[in-house]
Amino acid sequence: AQKVTQAQTEISVVEKEDVTLDCVYETRDTTYYLFWYKQPPSGELVFLIRRNSFDEQNEISGRYSWNFQKSTSSFNFTITASQVVDSAVYFCALSSVGFKTIFGAGTRLFVKA
Amino acid sequence: DTGVSQNPRHKITKRGQNVTFRCDPISEHNRLYWYRQTLGQGPEFLTYFQNEAQLEKSRLLSDRFSAERPKGSFSTLEIQRTEQGDSAMYLCASSFGTSGITGELFFGEGSRLTVL
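Protein chains in written order, with this note's numbering: chain A, 27 to 139; chain B, 6 to 121.
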């Protein structure tokens, strides 16, 4: 069975703080993909990053960084120097050989000015 | 704009009525997905197509739900005899994928269903 767990339901930070969103996944497959999506208040889900199971390199894109650790089945997302515009719901997702993508329950991030 | 398009954006219906949603994916994408999202939850997988073939349907989906993707282009999701529990946002997404490769999903703005 496949599963994505985002244990943090809501996080509230003050602008310029760093924040890490946790994601733990379960799959029996050796080949899979992990994703992060952002859902701003406007509602439309927006893709942020894709990582395949054979690439454990961490990635940085501007203020965003991702830490993929197969040993702990985690794919965590860090926002450095958070901004009010980062306020949104963030979803971690997993896609395995069956091709369907399943999502976690999401973490709602509030960034206060 | 050549993103994923869904309509209608909002549908209000009475319990027991049938509703149909349409999704127009990004033209070069071969995969199309339907998800359902309720307040405070992540998108819940309903079904997906690769070209015109429906490859998987969620076991949680009752027989009242049916989806089609004729000619591998647009898709429709029909809900028959709607129930209040069907009230949700219905999301369509498309992607490009091949054997062993799964691309990221591009989502539409969703179709919100309210069943009275």
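We treat Cβ as the ideally placed atom computed from N, Cα and C, and that holds for glycine.
Chain-order list of residues whose beta-carbon lies under 6 Å from that of residue i (same chain, five-residue window excluded)
| i | result |
| --- | --- |
| R36(B) | Q55, S100, G102 |
| S99(A) | V50, Y51 |
| V39(A) | V45, S108, V137 |
| I75(A) | W62, W92 |
| P30(B) | V9, L37, S99 |
| E43(A) | S108 |
Extent of the continuous beta strand (DSSP E) to which residue i belongs
| i | result |
| --- | --- |
| I29(B) | The question names Ile, yet the displayed sequence has Asp at residue 29(B). It spans 24 to 29 - the beta strand (DSSP E) in which D29(B) sits, taken as one unbroken run. |
| N12(B) | 10 to 12 |
| Y59(A) | 59 to 65 |
| E2(B) | Beyond the ends of chain B as shown, which are 6 and 121, falls residue 2(B); an answer cannot be given. |
| V45(A) | 45 to 47 |
| L118(B) | 116 to 120 |
| N35(B) | N35(B) -> no beta strand (DSSP E), and no H or E assigned at all. |
| V39(A) | 36 to 40 |
| Q109(A) | Careful: Q109(A) lies outside any beta strand (DSSP E) and carries neither H nor E. |
| R77(A) | 72 to 78 |
Contacts around residue i, its chain only, beta-carbon distance under 7 Å, and the 5 residues preceding and following it disregarded
| i | result |
| --- | --- |
| E73(B) | S80, T81 |
| A33(A) | D48 |
Local Cβ density within 10 Å of residue i, reported as buried at 16 or more and exposed below that
| i | result |
| --- | --- |
| K29(A) | exposed |
| I128(A) | buried |
| V110(A) | exposed |
| L60(B) | exposed |
| G108(B) | buried |
| I105(A) | buried |
Beta-carbon proximity list for residue i, same chain, < 8 Å, skipping 5 on both sides
| i | result |
| --- | --- |
| I37(A) | V45, L47, T133, R134, L135, F136 |
| V24(B) | K16, T18, E83, I84, T87, L118 |
| D110(B) | A small correction: the amino acid at residue 110(B) is Leu; Asp does not occupy that position in the sequence shown. Closer than 8 Å at the Cβ level, and outside the excluded window around L110(B), lie Y38, A98, S99, S100. |
beta-carbon residue i near the ligand MG non-hydrogen atom, thresh 7 Å
| i | result |
| --- | --- |
| I106(B) | This structure does not include the ligand MG; it has no bound ligands of any sort. |
Check your understanding: Taking Cβ-Cβ distances below 8 Å as the criterion, which residues of the region 94 to 113 of chain B are in contact with chain A?
Key -> M94, L96, A98, G102, G105, T107, G108, E109, L110, F111, F112, G113
Point to revise | Contact residues within the region 98 to 110 of chain A, judged by C-beta distance below 9 Å to chain B | key: none
Practice item. Output, in sequence order along the chain, the residues in the region 43 to 67 of chain A whose CB is closer than 7 Å to any CB in chain B. Key: T57, Y59, F61
Exercise for review: Select from the region 43 to 61 of chain B all residues with a C-beta closer than 9 Å to any C-beta belonging to chain A, and list them in chain order.
Suggested key: G45, Q46, G47, P48, E49, F50, T52, Y53, Q55, L60, E61
Check your understanding: For the region 70 to 96 of chain B, which residues have a beta carbon sitting closer than 9 Å to at least one beta carbon of chain A?
Key -> M94, L96
Review point. Which of the residues in the region 115 to 130 of chain A, read from start to end, lie with their CB under 7 Å from any CB of chain B?
Key: F117, S121, G124, F125, K126, T127, I128, F129, G130
Review point. When Cβ atoms are compared, which residues of the region 63 to 94 of chain A fall closer than 7 Å to chain E?
Key: No chain E appears in this structure, whose protein chains are A and B.
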